[in-house]
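S.K.: Here you go, one structure.
Residue numbers (this note's numbering), protein chains in the order written: chain A, 1 to 230; chain B, 1 to 245.
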């Protein structure tokens with residue numbers, strides 16, 4: 001970027017209030033898998049705004065540095081709101097629970113979702129709440145397959161799950177944990193008490209029951225014509 | 001299966017709030033503030049510009065919306081925007097727009113270019129504004145942006161009454177100077193009143209701003225074909241994992 005550009009950006013930034021962006025209060029690092037190809041697993045950085053006690057909206061990036069690429073949007077809703085959705089919509093959602101508390105198995109590490117820089121105990125209540133939520137995540141830039149620019153249609157992305165295709169590769173988790181100095185012991189201690197949900201909607205994580213993912217196709221469509229001006 | 005151009009069915013019940021849900025608790029506020037103080041949130045801090053403009057749904061350009069882009073310039077040829085439906089603290093995050101320079105756009109294959117739109121008219125006509133920033137400060141930026149192309153996915157169709165983000169993402173198009181691309185006068189007036197500006201005056205002051213040297217024939221594809229794009233969601237057989245080593 002040119003120096004002139006930087007000065008301009010800074011100038012504009014001082015004059016404008018940027019309120020919606022200032023509501024972004026949390027950074028979380030976690031993992032996600034493409035719905036149509038769950039062998040493609042990515043580390044994601046969610047920058048989260050809570051709109052109310054049942055709804056969060058996240059700008060998702062591929063890293064947490066100043067040059068991070070904005071790769072998609074995830075919406076997170078409480079289980080009570082999720083249950084009000086039409087069934088076709090529920091199929092596009094993913095249970096968040098496994099990001100917070102995987103079940104024990106010697107090769108699964110606990111705690112895929114972490115808030116870098118924030119002590120576990122500070123986030124404990126938040127983790128308990130979020131473990132009961134469902135997410136819907138559209139990836140608009142598939143950086144992991146080498147796209148230098150955002151190409152094609154958005155892809156539906158899933159949360160890790162504790163079974164088969166949903167399990168995140170241990171090497172990805174380890175690399176992330178080292179980078180962010182994540183203490184596995186601290187995670188285990190704080191998350192072991194996260195309760196089982198009373199009910200998990202069978203339509204979320206649709207692939208688990210049906211072995212099928214979702215892909216988005218772009219079709220030409222006849223455009224609606226404008227009504228004459230009043 | 002759900003698609004971007006079809007209404008998603010009956011709305012979930014509620015008190016009409018968008019989105020539905022209980023107000024935040026005090027405890028939640030305290031927690032959020034605590035987390036915010038401990039984290040740097042670098043990518044978010046790079047969003048240095050707020051732009052207010054208009055867009056229309058590719059599959060139905062009678063649906064025109066006011067948008068609020070929070071813009072992060074990654075380099076001289078590329079910008080990424082988190083797009084909201086207002087500039088208030090409770091604004092809803094409704095999509096993502098990517099903006100590329102003319103020379104970057106020319107490297108894309110035609111099938112990809114058809115998903116993109118030009119910005120020349122939007123800027124020249126004064127529809128694109130940076131609220132509260134004097135025009136003179138912006139002049140060189142506007143000159144630059146008038147030659148760019150954008151790709152905008154809308155993930156939450158608030159304008160059709162969706163209280164939650166439903167269905168597939170919808171491709172959006174930019175205002176243009178012809179028929180379906182013309183933004184309705186009352187939308188522009190409402191926006192002007194809110195920010196105490198006059199779009200017509202801006203247009204006069206931008207008369208020397210030029211668009212791309214050669215307008216790419218695949219951008220704003222609807223102008224040639226009368227067809228937009230709608231997204232459908234298909235179920236497909238998943239790729240299975242290779243066995244663990």
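Note that CB positions come from ideal geometry on N, CA and C, so glycine has one too.
1. Alpha carbon to alpha carbon, how far is residue 125(A) from residue 161(A)?
2. Spell out whether any CB of chain A is found under 8 Å from the CB atom of residue 155(B).
3. In chain B, which residues lie with their C-beta within 8 Å of the C-beta of residue 144(A)?
4. Work out the CA separation of residue 77(B) and residue 151(A) for me, nearest whole Å.
5. Does the Cβ-Cβ distance between residue 72(B) and residue 18(A) come in under 8 Å?
6. Within 10 Å of its beta-carbon, does residue 5(B) have 16 or more other beta-carbons around it, so buried, or fewer, so exposed?
7. Between which two residues does the alpha helix (DSSP H) holding residue 224(A) run?
8. Identify each residue in the region 216-241 of chain B for which the Cβ-Cβ distance to at least one residue of chain A is less than 8 Å, and report them in chain order.
9. So with CB distances below 7 Å, who are the chain B contacts of residue 46(A)?
10. Got a sec: which bits of the region 83-102 of chain B sit with their beta carbon under 8 Å from any beta carbon on chain A, in order along the chain?
11. Within 8 Å (strictly less), CB to CB, does residue 74(B) reach chain A?
12. Which value, in whole angstroms, describes the spacing of the CA atoms of residue 53(A) and residue 129(A)?
13. Pull up the distance between the alpha-carbon of residue 60(A) and that of residue 113(B), whole angstroms please.
14. Starting from residue 75(B), follow its DSSP beta bridges and name the residues at the other end.
15. Output the distance between the C-alpha atoms of residue 50(A) and residue 23(A), rounded to the nearest integer angstrom.
16. Which class does residue 215(B) belong to by DSSP, given the choice of helix, strand or coil?
17. If you draw a straight line from the alpha carbon of residue 16(B) to that of residue 163(B), how long is it in whole angstroms?
18. Taking only beta-carbon atoms, is residue 19(B) less than 8 Å away from chain A?
19. Tell me whether residue 173(A) counts as near the ligand SAH, meaning its Cβ is closer than 7 Å to at least one heavy atom of that ligand.
20. For residue 28(A), I'd like the list of residues in its chain whose CB is within less than 6 Å of its CB, leaving aside the five on either flank, ordered along the chain.
21. Quick one: list the residues of chain A neighbouring residue 50(B), beta-carbon separation under 7 Å, in chain order.
22. May I ask which residues mark the beginning and end of the alpha helix (DSSP H) holding residue 121(B)?
23. Which residues bound the alpha helix (DSSP H) around residue 195(B)?
24. What does residue 205(A) reach in chain B if we use C-beta pairs closer than 9 Å?
25. According to DSSP, is residue 143(B) helix, strand or coil?
26. How about residue 43(B): is its C-beta nearer than 8 Å to some C-beta of chain A?
27. Evaluate residue 87(B) with the Cβ neighbour count: other Cβ atoms within 10 Å of its Cβ, from every protein chain shown; 16 or more gives buried, anything less gives exposed.
28. Jot down the residue ranges of each uninterrupted alpha helix (DSSP H) in the region 5-72 of chain A, minimum 4 residues, whole runs only, in chain order.
29. Apart from the five residues on each side of it in sequence, which residues of its chain come closer than 8 Å, Cβ to Cβ, to residue 110(B)?
30. According to the neighbour-count rule (16 or more other Cβ atoms, all chains shown, within 10 Å of its Cβ), is residue 164(A) buried or exposed?
31. Is there at least one Cβ from chain B nearer than 8 Å to residue 66(A)'s Cβ?
32. With 8 Å as the C-beta to C-beta threshold (strictly closer), list the residues of the region 124-140 of chain A near chain B in chain order.
33. With a threshold of 6 Å on Cβ separation, who are the neighbours of residue 103(A) within its own chain once the five nearest residues in sequence on each side are excluded?
34. Using only alpha-carbon positions, find the residue among 101(B), 199(B), 64(B), 130(B) that is nearest to residue 9(A).
35. Comparing C-alpha positions only, which one of 123(B), 198(B), 216(B) sits nearest to residue 208(B)?
36. Between residue 34(B) and chain A, is any beta-carbon pair separated by less than 8 Å?
M.R.: The answer reads as follows:
1. Your numbering for residue 125(A) matches position 125 in the first chain. Your numbering for residue 161(A) matches position 161 in the first chain. If I take the Cα positions, the gap works out to 21 Å.
2. In the second chain, the residue the question calls residue 155(B) occupies position 155. Interface residue (Cβ-Cβ distance to chain A less than 8 Å): residue 155(B) is classified as such.
3. Taking the first chain and counting its residues from 1, one reaches residue 144(A) at position 144. None at all; the shortest Cβ gap to chain B is about 14 Å.
4. Start at 1 with the first residue of the first chain, and residue 151(A) comes out as number 151. Start at 1 with the first residue of the second chain, and residue 77(B) comes out as number 77. Approximately 16 Å, taken between the alpha carbons.
5. Position 72 of the second chain, counted from the first residue, corresponds to residue 72(B). Position 18 of the first chain, counted from the first residue, corresponds to residue 18(A). No, the pair does not count as a contact, with Cβ atoms beyond the cut-off.
6. Indexing the second chain from 1 puts residue 5(B) at position 5. Residue 5(B) should be labelled buried.
7. If you number the first chain from 1, residue 224(A) lands on position 224. No alpha helix (DSSP H) contains residue 224(A), which DSSP labels as neither H nor E.
8. Of all residues in the region 216-241 of chain B, 222, 225, 226, 227, 228, 229, 230, 231, 232, 233, 234, 235, 236, 237, 238, 239, 240, 241 have a Cβ within less than 8 Å of some Cβ in chain A.
9. As a first step, residue 46(A) must be located in the first chain, where it is residue number 46. None at all; the shortest Cβ gap to chain B is about 11 Å.
10. Under the 8 Å Cβ criterion, the region 83-102 of chain B contributes 84, 86, 87, 88, 89, 90, 91, 92, 93, 95, 96, 98, 100.
11. Looking up residue 74(B) in the second chain gives position 74. Yes, because at least one Cβ of chain A sits closer than 8 Å to the Cβ of residue 74(B).
12. For this step, residue 53(A) is matched to residue 53 along the first chain. For this step, residue 129(A) is matched to residue 129 along the first chain. For residue 53(A) and residue 129(A), the distance between alpha carbons rounds to 9 Å.
13. One-based indexing of the first chain puts residue 60(A) at position 60. One-based indexing of the second chain puts residue 113(B) at position 113. Whole-angstrom Cα-Cα distance: 24 Å.
14. Within the second chain, residue 75(B) is the residue found at index 75, counting from 1. The partner list for residue 75(B) (beta bridge, DSSP) reads 78(B).
15. Numbered from its first residue, the first chain carries residue 50(A) at position 50. Numbered from its first residue, the first chain carries residue 23(A) at position 23. For residue 50(A) and residue 23(A), the distance between alpha carbons rounds to 8 Å.
16. In the second chain, counting from the first residue as 1, residue 215(B) sits at position 215. The answer is coil: DSSP assigns residue 215(B) none of H, G, I, E or B.
17. Start at 1 with the first residue of the second chain, and residue 16(B) comes out as number 16. Start at 1 with the first residue of the second chain, and residue 163(B) comes out as number 163. Each residue's Cα considered, the two are about 8 Å apart.
18. Residue mapping note: residue 19(B) aligns to position 19 of the second chain, counting from 1. Taking 8 Å as the CB threshold, residue 19(B) lines the interface with chain A.
19. The ligand SAH is absent from the structure shown, which contains no ligands of any kind.
20. Looking up residue 28(A) in the first chain gives position 28. Only 46, 113, 115 meet the Cβ criterion.
21. Within the second chain, the letter at position 50 stands for residue 50(B). Those are 16, 18, listed as they occur along chain A.
22. As a working mapping, residue 121(B) is identified with position 121 in the second chain. Residue 121(B): member of the alpha helix (DSSP H) spanning 120-124, first to last residue.
23. Taking the first residue of the second chain as 1, we reach residue 195(B) at position 195. Taken as a continuous stretch (DSSP letters only), the alpha helix (DSSP H) holding residue 195(B) covers 185-195.
24. Here residue 205(A) refers to the residue found at position 205 of the first chain. Correct list: empty, because the minimum Cβ distance to chain B is about 12 Å.
25. Working through the second chain from its first residue, we reach residue 143(B) at position 143. If DSSP states are grouped into helix, strand and coil, residue 143(B) belongs with the helices.
26. Here residue 43(B) corresponds to residue number 43 of the second chain, with the count starting at 1. Cβ-Cβ to chain A under 8 Å: yes for residue 43(B).
27. The residue given as residue 87(B) occupies position 87 in the second chain. Classification of residue 87(B): buried, given that the 10 Å Cβ count is 16 or more.
28. Listed in chain order, the complete alpha helix (DSSP H) runs (minimum 4 residues) inside the region 5-72 of chain A are 19-22.
29. Numbered from its first residue, the second chain carries residue 110(B) at position 110. Within the same chain, and ignoring the five residues on either side of residue 110(B) in sequence, the residues whose Cβ sits closer than 8 Å to its Cβ are 218.
30. Locating residue 164(A) in the first chain gives position 164, counting from the first residue. With fewer than 16 Cβ atoms within 10 Å of its Cβ, residue 164(A) is classed as exposed.
31. As a position in the first chain, residue 66(A) is number 66, starting the count at 1. The beta carbon of residue 66(A) falls within 8 Å of a beta carbon belonging to chain B, placing the residue at that interface.
32. The region 124-140 of chain A vs chain B, Cβ under 8 Å: 125, 126, 136, 138, 140.
33. One-based indexing of the first chain puts residue 103(A) at position 103. Low local confidence applies: a pLDDT of 38 at residue 103(A) is under 50, so the model's placement there is unreliable, with the coordinate-based value given in what follows. Around residue 103(A): 162.
34. Mapped onto the first chain, residue 9(A) falls at position 9. Taking only the C-alpha atoms, the option nearest residue 9(A) is 130(B).
35. By one-based count along the second chain, residue 208(B) stands at place 208. Closest option to residue 208(B), Cα to Cα, is 123(B).
36. Residue numbering aside, residue 34(B) sits at position 34 when the second chain is read from its first letter. Yes - at least one Cβ of chain A is within 8 Å of the one on residue 34(B).
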